[in-house]
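In the working numbering, the protein residues as written are 123 to 292.
Right, here's the structure in full:
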């Protein structure tokens, strides 16, 4: 874990409770004196370093040591057009795509795509949040939908297509 999201990150004192407390103290086994990074989703580029001051039964108290702007993002932008498939298949590779720096994924309703599935963007965002905390990335991947492949190519004229069928697109 590079950092942890917390809505209170940026304040001089930080009280961590519930799931974050369990994760940091019970799972990661942090002790008094350990230094950890926190970010606020509203100001994601600013990394706040806190020192663990005390551990109470259900709360960990941190004091801010420093704050700095630290951006972690890919040097080049990659936008993927992906025909709609089962959400579970997308979820399996989403964290890896996030860690490699994919900026945007547009889900396309293609002729052979699984049109009965609708992308679950809320779930994808939760997966990306955990992935960002693990890899340190400071921007969230964007999601969009498109009605067809032709529309996607018109909107993105520099598109490169990987088609694993015998039919050639014209």
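Backbone N, C-alpha and C fix where the C-beta goes; we use that ideal spot for every residue, glycine too.
ask   = In three-state terms, what does DSSP make of residue 175?
value = Correct three-state label for residue 175: strand.
inquiry  = Is it buried or exposed, residue 227, if we count other Cβ atoms within 10 angstroms and call 16 or more buried?
reply    = So residue 227 ends up on the buried side.
request  = Could you tell me which residues DSSP pairs with residue 165 in its beta bridges?
outcome  = Paired residues: 162.
task = Have a look at the DSSP bridge pairing and note the partners of residue 245.
result = For residue 245, which the question treats as bridged, DSSP gives no partner whatsoever.
query = Among all the DSSP beta bridges, which residues are the ones paired with residue 136?
reply = Looking at the DSSP assignment, residue 136 forms a beta bridge with 184.
inquiry  = Here's a check: name, in chain order, each residue in its chain whose Cβ is nearer than 8 Å to the Cβ of residue 266, leaving out the five neighbours to either side.
reply    = If the five residues before and after residue 266 are omitted, its C-beta is found closer than 8 Å to the C-beta atoms of 226, 227, 228 and 229, all from its own chain and listed in chain order.
task = Can you tell me which of the three DSSP states residue 230 falls into?
result = In the structure shown, residue 230 sits in a strand (DSSP, three-state: E or B).
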